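Asker: One line per chain: the protein sequences are F and W, in this order.
All residue numbers in the first sequence are consecutive under this note's numbering, ending with 262.
All residue numbers in the second sequence are consecutive under this note's numbering, ending with 262.
Okay, handing you the structure first.
There are 2 protein chains.
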Amino acid sequence: MSGHLAVIGLGPGDARYLTPEADAALAAADALYGYGPYLDRVPARPGQSRHASDNREERPRAAAALHHAAQGARAAVVSGGDPGVFAMAAAVCEEIEWGPESWRALDVSIVPGITAMLAVAARIGAPLGHDFCALSLSDNLKPWELIERRLDAAAGAGFVIALYNPVSRARPWQLGTAFERLRRHLPASTPVIFGRAVGRADERVAVGTLDVAATMPADMATLIIVGSRETRVIARAGRLPLVYTPRAVAEVNA
Amino acid sequence: MSGHLAVIGLGPGDARYLTPEADAALAAADALYGYGPYLDRVPARPGQSRHASDNREERPRAAAALHHAAQGARAAVVSGGDPGVFAMAAAVCEEIEWGPESWRALDVSIVPGITAMLAVAARIGAPLGHDFCALSLSDNLKPWELIERRLDAAAGAGFVIALYNPVSRARPWQLGTAFERLRRHLPASTPVIFGRAVGRADERVAVGTLDVAATMPADMATLIIVGSRETRVIARAGRLPLVYTPRAVAEVNA
């Protein structure tokens, strides 16, 4: 079978973050599939078709691209950030596992990108400089009890925590509840970073502390990093502070 | 103060992964500081000095670059992968916190890159498609007991685990001990991915299971991903399997 499917990470939203590999994969595609706002970031190319779909339509979008590839096309699914982090690569794999046997013979390539937590961390210092985890706060696809259990485990063991999908219109209370839960394990002064639209004109990065984090603005496009007991803040005159987690931990209780 | 310090992520080792932002930051530097093999990846530019140092010399390297920047230069520290993930950005922040007050006035920019776990994950499917953590297995800078506690917490709560710095000449037994520890929480059949030198000529990616993982080859440049109970393997004729972690979890016990 000659068809090809690429799953391409665009990075956090500016062409400065698009890798040459991703750029070449975009150029080689006959057809692009993706959430509308991600497709809008990709310059139009003659002869290349575009298939926009809604944010929540991951599985049908993956299936449509696979069908197209199975007909011999070079299809590409575009994804913000990295396609492997709470994004389209897992949806494509799911479709391949449960779809026609022939899809397993397709040439599939996944092109990594800069995921939001790396972009936000870079803007503020090195909050992910030591052990950390990435957790989606969406309870659309897993029970809320499991999210709480993971927050407990991560904060209790001293991981810095990057929260993806922190809030949406349909999920208004989860983020505040998560911050309250984390207060069981972490001091009020724990640094919390809010990053949005890094690398775009409307970029916004703010630093607060866990006790007031619930009052800070966040939306679906915000990536939040909650520090550990080790995370430090370096004040700087006239600039955002530097926030970092040291590479060394002296104490087991940390 | 006019000095500038950039901390630049080169990605996993091939120019296809170097972002345009990182490329521009490299071109703008008067002086490059870094571990020799990382510097060797950067093409020489006229008028740009290069200062190679040994792998374990992070703090002195950061201090040297900061001193140079404080003299008004555009200094850059280069890092493999992403500088914020077990790499140079935290070392630079540490030096700024404990160094001369004037260093806080320097213009510091951190340029993110594709970190190893994203590159390895992309090669094999989407093993990081759901909640995951990144853990350095080096006990040079933290007690081994803390690493075990974090392995317990992460595996017990269902995180996929990316292991950085899994082994070295001075740390021969830690990786095997970590796999044994994870067996307390995870079935023998749990997928384990070994990735090395992704994007380079000697790239090697292999998939095994937790019960035999300790027999598979690994070195300091290997990135290991241990799946969760949810992680799935899709066999494919004549190719590496696809390994992915589904976006949905139905059960709290997962």
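The beta-carbon is built from N, C-alpha and C at its ideal position, and this holds for glycine as well.
All of these numbers come straight from a predicted model, not from anything done at the bench.
DSSP three-state call for I122 (chain F): helix, strand or coil?
Answerer: Mapped onto the first sequence, residue 122 (chain F) falls at position 114. DSSP places I122 (chain F) in coil when its eight states are reduced to three.
Asker: Taking the C-alpha atoms as reference points, what is the distance between A258 (chain W) and E188 (chain W)?
Answerer: Sequence index remark: in the second sequence, residue 258 (chain W) carries index 250 (1-based). Sequence index remark: in the second sequence, residue 188 (chain W) carries index 180 (1-based). Straight-line Cα distance between these residues: approximately 27 Å.
Asker: Taking contact to mean 3 or more Cβ pairs, one atom from each stretch, closer than 8 Å, check whether the region 160 to 169 of chain F and the region 151 to 170 of chain W are in contact.
Answerer: yes
Asker: Given a cut-off of 7 Å, decide if P120 (chain F) and L126 (chain W) are closer than it, judged by their beta-carbon atoms.
Answerer: For the purposes of this step, residue 126 (chain W) is taken as the residue at position 118 of the second sequence. For the purposes of this step, residue 120 (chain F) is taken as the residue at position 112 of the first sequence. Contact: yes.
Asker: So, is P254 (chain W) buried or exposed, given that buried needs 16 or more other C-beta atoms within 10 angstroms?
Answerer: Along the second sequence, read from residue 1 onward, the residue named residue 254 (chain W) stands at position 246. Answer is buried; the Cβ neighbour count reaches 16.
Asker: A23 (chain F) to P28 (chain W), Cα distance in whole Å?
Answerer: Residue 23 (chain F) sits at position 15 when you count from the first residue of the first sequence. Residue 28 (chain W) sits at position 20 when you count from the first residue of the second sequence. Roughly 8 Å separates the two Cα atoms.
Asker: Who pairs with P8 (chain F) in a beta bridge, going by DSSP?
Answerer: Examination of residue 8 (chain F) is not possible in this model, given that chain F is present from 9 through 262 alone.
Asker: Might you give, ordered along the chain, the residues of its own chain that have their beta carbon closer than 6 Å to the beta carbon of H59 (chain F), omitting 5 neighbours on each side?
Answerer: Your numbering for residue 59 (chain F) matches position 51 in the first sequence. Taken in chain order, the residues that qualify are Y41.
Asker: Leaving out five residues on either side along the sequence, give the residues of the same chain with a beta carbon under 6 Å from the beta carbon of D38 (chain F).
Answerer: Position 30 of the first sequence, counting from 1, holds the residue named residue 38 (chain F). Only A81, R82 meet the Cβ criterion.
Asker: Just to confirm before moving on: does the CB-CB distance between I132 (chain F) and V213 (chain F) stay below 7 Å?
Answerer: For the purposes of this step, residue 132 (chain F) is taken as the residue at position 124 of the first sequence. For the purposes of this step, residue 213 (chain F) is taken as the residue at position 205 of the first sequence. It is a contact, given that the beta carbons lie within the stated cut-off.
Asker: Could you tell me the alpha carbon to alpha carbon distance between L13 (chain F) and G44 (chain F), rounded to whole angstroms?
Answerer: The count along the first sequence starts at 1 and reaches residue 13 (chain F) at position 5. The count along the first sequence starts at 1 and reaches residue 44 (chain F) at position 36. Cα to Cα, the separation comes out at about 19 Å.
Asker: Counting Cβ pairs, one atom from each stretch, are 3 or more of them under 8 Å apart for the region 86 to 105 of chain F and the region 95 to 105 of chain W?
Answerer: The region 86 to 105 of chain F vs the region 95 to 105 of chain W: no contact.
Asker: For G86 (chain W) and A256 (chain W), what's the separation of their Cα atoms in angstroms?
Answerer: What you label residue 86 (chain W) is simply residue 78 of the second sequence in a count that begins at 1. What you label residue 256 (chain W) is simply residue 248 of the second sequence in a count that begins at 1. Before going further, note that residue 86 (chain W) is Val rather than Gly in the sequence given. Spanning the two alpha carbons is a distance of roughly 38 Å.
Asker: Using a Cβ-Cβ distance under 7 Å, would I201 (chain W) count as near chain F?
Answerer: Taking the second sequence and counting its residues from 1, the one referred to as residue 201 (chain W) is at position 193. For I201 (chain W), no Cβ of chain F is located within less than 7 Å of the residue's own Cβ.
Asker: May I have the straight-line CA-CA distance separating V241 (chain F) from V220 (chain W), to the nearest angstrom?
Answerer: Here residue 241 (chain F) is taken as the residue at index 233 of the first sequence, counted from 1. Here residue 220 (chain W) is taken as the residue at index 212 of the second sequence, counted from 1. A straight line joining the alpha-carbon of V241 (chain F) with that of V220 (chain W) spans about 43 Å.
Asker: State yes or no: is the beta carbon of M156 (chain W) nearer than 7 Å to at least one beta carbon in chain F?
Answerer: By 1-based counting over the second sequence, the position of residue 156 (chain W) is 148. Note that residue 156 (chain W) corresponds to Glu in the displayed sequence, not to Met. Chain F contact via Cβ: absent.
Asker: Determine, using beta carbons only, whether A84 (chain W) and L114 (chain W) come nearer to each other than 7 Å.
Answerer: By 1-based counting over the second sequence, the position of residue 84 (chain W) is 76. By 1-based counting over the second sequence, the position of residue 114 (chain W) is 106. In this structure, L114 (chain W) does not lie closer than 7 Å to A84 (chain W) by Cβ.
Asker: When the Cα of P199 (chain F) is compared with those of F:L18, F:I169, F:D210, F:P174, which residue comes out closest?
Answerer: Here residue 199 (chain F) refers to the residue found at position 191 when the first sequence is read from its first residue. For P199 (chain F), the nearest C-alpha among the options comes from F:I169.
Asker: What are the start and end residues of the alpha helix (DSSP H) that includes F187 (chain W)?
Answerer: Taking the first residue of the second sequence as position 1, residue 187 (chain W) is located at position 179. Secondary structure note for F187 (chain W): its alpha helix (DSSP H) is the uninterrupted segment 182 to 190.
Asker: Exposed or buried, which one is N261 (chain W) when buried takes at least 16 other CB atoms within 10 Å?
Answerer: Within the second sequence, residue 261 (chain W) is the residue found at index 253, counting from 1. Per-residue confidence for N261 (chain W) stands at a pLDDT of 49, beneath the threshold of 50, marking its modelled position as unreliable; no derived number is given.
Asker: Tell me which residues share the same chain as A73 (chain F) and place their Cβ nearer than 7 Å to its Cβ, disregarding the 5 neighbours each side in the sequence.
Answerer: The residue you call residue 73 (chain F) lines up with position 65 of the first sequence. So the qualifying residues of the chain are L13, Y41, A83, V85.
Asker: Select from the region 93 to 106 of chain W all residues with a C-beta closer than 9 Å to any C-beta belonging to chain F, and list them in chain order.
Answerer: V93, F94, A95, M96, A97, A98, A99, V100, C101, E102, I104, E105
Asker: With a 10 Å radius around its C-beta and 16 neighbouring C-beta atoms as the bar for buried, classify W111 (chain F) as buried or exposed.
Answerer: Position 103 of the first sequence, counting from 1, holds the residue named residue 111 (chain F). So W111 (chain F) counts as buried.
Asker: Could you check the C-alpha separation between R49 (chain F) and A30 (chain F) for me, to the nearest Å?
Answerer: Numbered from its first residue, the first sequence carries residue 49 (chain F) at position 41. Numbered from its first residue, the first sequence carries residue 30 (chain F) at position 22. Using only the alpha carbons, I get a separation of about 13 Å.
Asker: Does any residue of chain W bring its CB to less than 7 Å from the CB of L250 (chain F)?
Answerer: Position 242 of the first sequence, counted from the start, is the residue given in the question as residue 250 (chain F). Closer than 7 Å to some Cβ of chain W, the Cβ of L250 (chain F) qualifies, so yes.
Asker: In terms of residue numbering, what span does the alpha helix (DSSP H) encompassing R67 (chain W) cover?
Answerer: Translated into positions along the second sequence, residue 67 (chain W) becomes position 59. Where R67 (chain W) is concerned, the enclosing alpha helix (DSSP H) stretches over 66 to 78.
Asker: Using a Cβ cut-off of 7 Å, pull out every chain W residue sitting near T253 (chain F), in sequence order please.
Answerer: Here residue 253 (chain F) refers to the residue found at position 245 when the first sequence is read from its first residue. In chain order: A98.
Asker: Report buried or exposed for P174 (chain F), applying the criterion of at least 16 other Cβ atoms within 10 angstroms of its Cβ.
Answerer: Reading the first sequence from its first residue, position 166 is the one you call residue 174 (chain F). With 16 or more other Cβ atoms within 10 Å, it is buried.
Asker: Mind checking P20 (chain W): buried by the 16 CB within 10 Å criterion, or exposed?
Answerer: Counted from its first residue, the second sequence places residue 20 (chain W) at position 12. By the neighbour-count rule (16 or more Cβ atoms within 10 Å), P20 (chain W) is buried.
Asker: Which residues of chain F have a Cβ atom closer than 8 Å to the Cβ of V119 (chain W), listed in chain order?
Answerer: Numbered from 1 along the second sequence, position 111 holds the residue referred to as residue 119 (chain W). The answer, in chain order, is A130.
Asker: Tell me whether S144 (chain F) sits in a helix, a strand or coil according to DSSP, three-state version.
Answerer: As a position in the first sequence, residue 144 (chain F) is number 136, starting the count at 1. S144 (chain F): strand per DSSP, three-state reduction.
Asker: According to the Cβ coordinates, are V206 (chain W) and V100 (chain W) closer than 7 Å?
Answerer: By one-based count along the second sequence, residue 206 (chain W) stands at place 198. By one-based count along the second sequence, residue 100 (chain W) stands at place 92. No, these two residues do not count as a Cβ contact at 7 Å.
Asker: Check V168 (chain W) in the structure and name its three-state DSSP category.
Answerer: Taking the second sequence and counting its residues from 1, the one referred to as residue 168 (chain W) is at position 160. It is a strand residue.
Asker: Applying the 10 Å Cβ sphere with the 16-neighbour rule, what's the burial state of A33 (chain W)?
Answerer: Counting from one through the second sequence, the residue named residue 33 (chain W) turns up at place 25. For A33 (chain W), the number of other beta carbons within 10 angstroms of its own is at least 16, and it is reported as buried.
Asker: Taking 8 Å as the limit between beta carbons, can you name the residues of its chain near G246 (chain F), skipping five residues before and five after?
Answerer: Within the first sequence, numbered from 1, the residue matching residue 246 (chain F) stands at position 238. Excluding positions up to five away in sequence, the list is empty.
Asker: So, at 7 Å on beta carbons, what are the nonlocal neighbours of L190 (chain F) in its own chain, with the 5 sequence-adjacent residues on each side left out?
Answerer: Against the first sequence, residue 190 (chain F) aligns to sequence position 182. For L190 (chain F), same chain residues with a beta-carbon under 7 Å away, outside a window of 5 residues either side, are L159, A163, L218, V234 in chain order.
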